[in-house]
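*Asks:* I'd like to ask some things about the structure below.
Number of protein chains: 2
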Amino acid sequence: MEKSGSPSGTQAVQRAMSVLACFRDGGPTLSASDLARRTRLSTSTAHRLARALVSTGFLEQDARTARYRLGPSMTELGQLSFHQRGLHRVAPELGQLARATSATVDLAIRNGPHAVILIGGSVDPESGTGLRRPLHSTALGKVLLAWAPPGEDDVAALGPLRPQTERTIVDPEDLRAEIERVRKAGYALNDGESSHGVRTLAVPVLDRAEQVRYALAVRSTPEVITDTRIGWFAMHARACARALEVLLLSPEERRITDF
Amino acid sequence: MEKSGSPSGTQAVQRAMSVLACFRDGGPTLSASDLARRTRLSTSTAHRLARALVSTGFLEQDARTARYRLGPSMTELGQLSFHQRGLHRVAPELGQLARATSATVDLAIRNGPHAVILIGGSVDPESGTGLRRPLHSTALGKVLLAWAPPGEDDVAALGPLRPQTERTIVDPEDLRAEIERVRKAGYALNDGESSHGVRTLAVPVLDRAEQVRYALAVRSTPEVITDTRIGWFAMHARACARALEVLLLSPEERRITDF
DNA sequence: TGAGATTTCCTATATTGTGGGAATATGGAG
DNA sequence: CTCCATATTCCCACAATATAGGAAATCTCA
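Next up, the structure:
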């Protein structure tokens, strides 16, 4: 099928994961043939993979309709991941930042070409926890790119840069320049590049290797985050990010001395 | 290796899922050899599966220590699963039940031989969201067994019934009798069977096929949930469960008329 | 610096996943 | 109620893919 630059020797597993990934864009339930269509796999293969995922609890099949939905293992391990990262401990910090800045606060992590919001300041399902945002058109994404480990900082690997508004950066060269600017400034700005009338400022949460683990954003309107106050917002966000750096690095990692 | 009663034709996928499952019992990070040991797979195989999971974002590998942790796709799809089930809409109902009863409220779903708490009334990581509890020693579990679909109600399939306290039901026959009692009464009781001094009452959240989708529990001390007030607690829990039944059945499922 | 453990890569083998196709079940329309 | 279209599930021969052994590279700790 694809020539697929991946040198991995695990077709079945990657296909199974792409079955799970269908639920990112699809509705809450998908039929076996939906899965086959979306993954471009044969009906038999999609069906067999789905059954394997059901047997391990990552999918669930409705007894009546035979449609699939994400299963209990997914929720369980998702929560576990949340706790194992220590994210349940950062809520107070984020709340404080939100109050100090009167802005909405998001904490995100990179997942391939997307930023996934781990803790969303909004309960709005359209911009809340679990949401995927593109890297090129968000402040979170620019931060995740600017401090990415070598090899994952390739703008070309993002594919076509889809415009969200007329301000969205769509030229890879422009994006590289923007990323360079972000790295120098220490924060990223998204001024209506993903949606109109929204201005977001993001900073990295770094580990000791100076690589980004999470991105932290404060989001509001241009009337609140004015040009002259950007420095002030950056300072507050940076302070919160530093607090998170302390909270989010596990004891095990912390014992590793750097110099 | 195992004779493995599963008639499925997907070894690689199931093995990959068992790699993910390692993180349920293990620490927040596991090394490649940890994974090989726990899954009883050869080093090469465990390593290759782990890499495939990393490439799809379900695992993450620390650049420094080369250890693995659960990845962003896990958190993302976990949250997605949460929302797609409509669970973000039930918080008010659960809060109301908690206030009315002055008890802790848990909502759980079955995952194989365990109950997974989807919304835990406690922020305590030891008894909060994402926790796995055994089916035989919890009120949640008894409910999930009592209304299980045919074929999944087999007590024998649970394996050995491990005692948690001296009150834990360990004889399969006793458990079957208890399940029968639960079904008749409409609620399950756990009186110190999983931990001392804790009494829990659980009721099912049923779909129209009279099969259990979720289990809802109120948990407190025997001084609060006294013998004489059990009926009162059951009534309140049952009322809340009915409200959840309305909330949690998707519109798609709802349009299916039953009689 | 050296011993031991761990991560990672490579390759031959056959076990395992693959997809065509047929049988069965489901739901909608007339 | 019956028929038709669509979707789900099962079966089987083929060969592509995952497997495990071993060796090299890297890291850890003394």
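Protein sequences appear in the order of chains D and B.
Counting from 1, position 202 in the first sequence corresponds to residue 202 in the working numbering; the numbering is continuous, with no gaps.
Take any residue in the second sequence, count from 1 to its spot, add 1000: that is its number in the working numbering.
Just so it is clear, CB atoms sit at the ideal spot from N, CA and C, and this is done for glycine as well.
Report the neighbours of G112 of chain D on chain B: residues whose CB is nearer than 8 Å to its CB, in chain order.
*Replies:* Near G112 of chain D (Cβ distances below 8 Å), the residues of chain B are G1057.
*Asks:* Could you check what DSSP says for S1102 of chain B in three-state terms: helix, strand or coil?
*Replies:* Coil at S1102 of chain B, not helix or strand.
*Asks:* Helix, strand or coil: which one does DSSP assign to S42 of chain D?
*Replies:* Reduced to three states, the DSSP call for S42 of chain D is coil.
*Asks:* Just confirm the distance between the C-beta atoms of L1216 of chain B and A1234 of chain B, as a whole number of angstroms; I'd bet it's less than 8 Å.
*Replies:* Not a contact, Cβ separation roughly 11 Å.
*Asks:* Between I119 of chain D and L80 of chain D, how many whole angstroms is the CB-CB distance? I'm expecting something under 8 Å.
*Replies:* Contact flag wrong, Cβ pair sits at about 16 Å.
*Asks:* Which whole-angstrom value describes the C-beta separation of L1107 of chain B and H1136 of chain B, a residue pair presumed to lie in contact below a C-beta threshold of 8 Å?
*Replies:* L1107 of chain B to H1136 of chain B, Cβ: 20 Å. No contact.
*Asks:* Since Y187 of chain D and A239 of chain D should fall inside the 8 Å C-beta cutoff, what is the C-beta to C-beta distance between them, to a whole number of angstroms?
*Replies:* About 12 Å; that fails the 8 Å criterion.
*Asks:* How is the alpha helix (DSSP H) around E178 of chain D delimited, first residue to last?
*Replies:* P172 to A185 is the span of the alpha helix (DSSP H), which, as asked, contains E178 of chain D.
*Asks:* Compare the beta carbon distance of V1155 of chain B and R1183 of chain B with 8 Å and say whether it is the shorter of the two.
*Replies:* Cβ distance not < 8 Å, so V1155 of chain B and R1183 of chain B don't count as in contact.
*Asks:* Leaving aside the five residues before and after V260 of chain D along the sequence, list all residues of the same chain whose C-beta is less than 8 Å from its C-beta, in chain order.
*Replies:* This structure does not reach residue 260 of chain D, given that chain D is present from 1 up to 259, and the question cannot be answered.
*Asks:* With a CB to CB cut of under 8 Å and the five nearest residues on each side skipped, what residues in its chain are close to A148 of chain D?
*Replies:* Closer than 8 Å at the Cβ level, and outside the excluded window around A148 of chain D, lie R110, Q211 and V212.
*Asks:* Taking V224 of chain D as the reference, which of D:A103, D:L97, D:D207 and D:R15 has the closest Cα?
*Replies:* Minimum Cα distance to V224 of chain D is reached at D:A103.
*Asks:* Using a cut-off of 8 Å between C-beta atoms, extract the partners of G1095 of chain B located in chain D.
*Replies:* Neighbours of G1095 of chain B on chain D: none; closest Cβ ~14 Å, over 8 Å.
*Asks:* Give me the residue from D:L49, D:T129, D:R40 and D:H83 with the minimum Cα distance to Q1284 of chain B.
*Replies:* One cannot answer for residue 1284 of chain B here, as it falls past the ends of chain B, which runs 1001 to 1259.
*Asks:* According to the Cβ coordinates, are S1031 of chain B and T1043 of chain B closer than 8 Å?
*Replies:* No, Cβ-Cβ distance for S1031 of chain B and T1043 of chain B is not below 8 Å.
*Asks:* Just to confirm my understanding: we take P1028 of chain B, look at its own chain, exclude 5 residues before and 5 after, and list those with CB closer than 7 Å. What are they?
*Replies:* Excluding positions up to five away in sequence, the list reads R1069.
*Asks:* Under 9 Å, CB to CB, which of the residues in the region 1065-1089 of chain B have a partner in chain D?
*Replies:* Here the close residues are T1065, R1067, R1069, L1070, G1071, P1072, S1073, M1074, T1075, E1076, L1077, G1078, Q1079, L1080, S1081, F1082, H1083, Q1084, R1085, G1086, L1087 and H1088.
*Asks:* Compute the Euclidean distance between the alpha carbons of K1142 of chain B and R1040 of chain B, then round it to the nearest angstrom.
*Replies:* Their backbone Cα atoms lie some 32 Å apart in a straight line.
*Asks:* Looking only at its own chain, which residues have a Cβ that is under 6 Å from the Cβ of R132 of chain D, when we skip the five neighbours before and after it?
*Replies:* H114 and V116, listed in sequence order.
*Asks:* Hey, how far is the Cα of S73 of chain D from the Cα of G231 of chain D?
*Replies:* S73 of chain D and G231 of chain D: Cα-Cα distance of roughly 43 Å.
*Asks:* Could you work out which residues of chain D lie near T1129 of chain B, taking near to mean beta carbons separated by less than 7 Å?
*Replies:* Chain D residues near T1129 of chain B: Q79.
*Asks:* Against chain D, which members of the region 1015-1031 of chain B pass a CB distance test of less than 9 Å?
*Replies:* Per Cβ criterion, the list reads R1015, A1016, M1017, S1018, L1020, A1021, F1023, R1024, G1027, P1028 and T1029.
*Asks:* Spell out whether any CB of chain B is found under 8 Å from the CB atom of V218 of chain D.
*Replies:* No, V218 of chain D lies away from the interface with chain B (no Cβ there is under 8 Å from its Cβ).
*Asks:* Cutting at 6 Å between CB atoms, please list the residues of its own chain near S1194 of chain B, excluding the five before and the five after it.
*Replies:* For S1194 of chain B, where only same-chain residues beyond five positions count, the Cβ hits under 6 Å are S1137, T1138 and Q1164.
*Asks:* Between B:T1075, B:R1089, B:A1146 and B:D1191, which lies nearest to E1180 of chain B when the distance is taken from Cα to Cα?
*Replies:* It is B:A1146.
*Asks:* Taking only beta-carbon atoms, is F1259 of chain B less than 8 Å away from chain D?
*Replies:* The predicted position of F1259 of chain B is uncertain, since its pLDDT is 29 and thus under 50; a value taken from the coordinates is nonetheless stated next. Taking Cβ atoms only, chain D never reaches closer than 8 Å to F1259 of chain B, which makes this a no.
*Asks:* Kindly indicate if chain D contains any beta-carbon less than 8 Å away from that of P1204 of chain B.
*Replies:* Closer than 8 Å: no.
*Asks:* Look at the alpha carbon of P1160 of chain B and the alpha carbon of V1170 of chain B, and state the distance between them as a whole number of angstroms.
*Replies:* C-alpha separation (whole angstroms): 8 Å.
*Asks:* Within the 8 Å Cβ cut-off, does A100 of chain D reach chain B?
*Replies:* Chain B, which has no Cβ nearer than 8 Å to the Cβ of A100 of chain D, makes this no.
*Asks:* Please compile the residues from chain D whose C-beta is within a distance smaller than 7 Å of the C-beta of Q1061 of chain B.
*Replies:* In chain order: nothing, as chain D lies at least about 11 Å away.
*Asks:* Counting only C-beta atoms, is G5 of chain D closer than 8 Å to chain B at any point?
*Replies:* At G5 of chain D, the pLDDT of 36 sits below 50, so the modelled position is not reliable and the matter cannot be decided from this model.
*Asks:* Mind checking whether V1205 of chain B and R1219 of chain B have CB atoms under 8 Å apart?
*Replies:* No, they are not a contact pair.
*Asks:* Alpha carbon to alpha carbon, how far is V90 of chain D from E1076 of chain B? Give it in angstroms, no decimals.
*Replies:* Near 18 Å, if we compare the C-alpha coordinates of V90 of chain D and E1076 of chain B.
*Asks:* Per DSSP, what kind of secondary structure is D153 of chain D in: helix, strand or coil?
*Replies:* Three-state DSSP puts D153 of chain D in coil, outside helix and strand.
*Asks:* Just the C-alpha distance for L1244 of chain B and D1207 of chain B, rounded to the nearest angstrom, thanks.
*Replies:* Rounded to the nearest angstrom, the two C-alpha atoms are 10 Å apart.
*Asks:* Let me make sure I understand the geometry here. Which of D:L140, D:P134 and D:A16 has the alpha-carbon closest to that of A1052 of chain B?
*Replies:* Per the Cα distances, D:A16.
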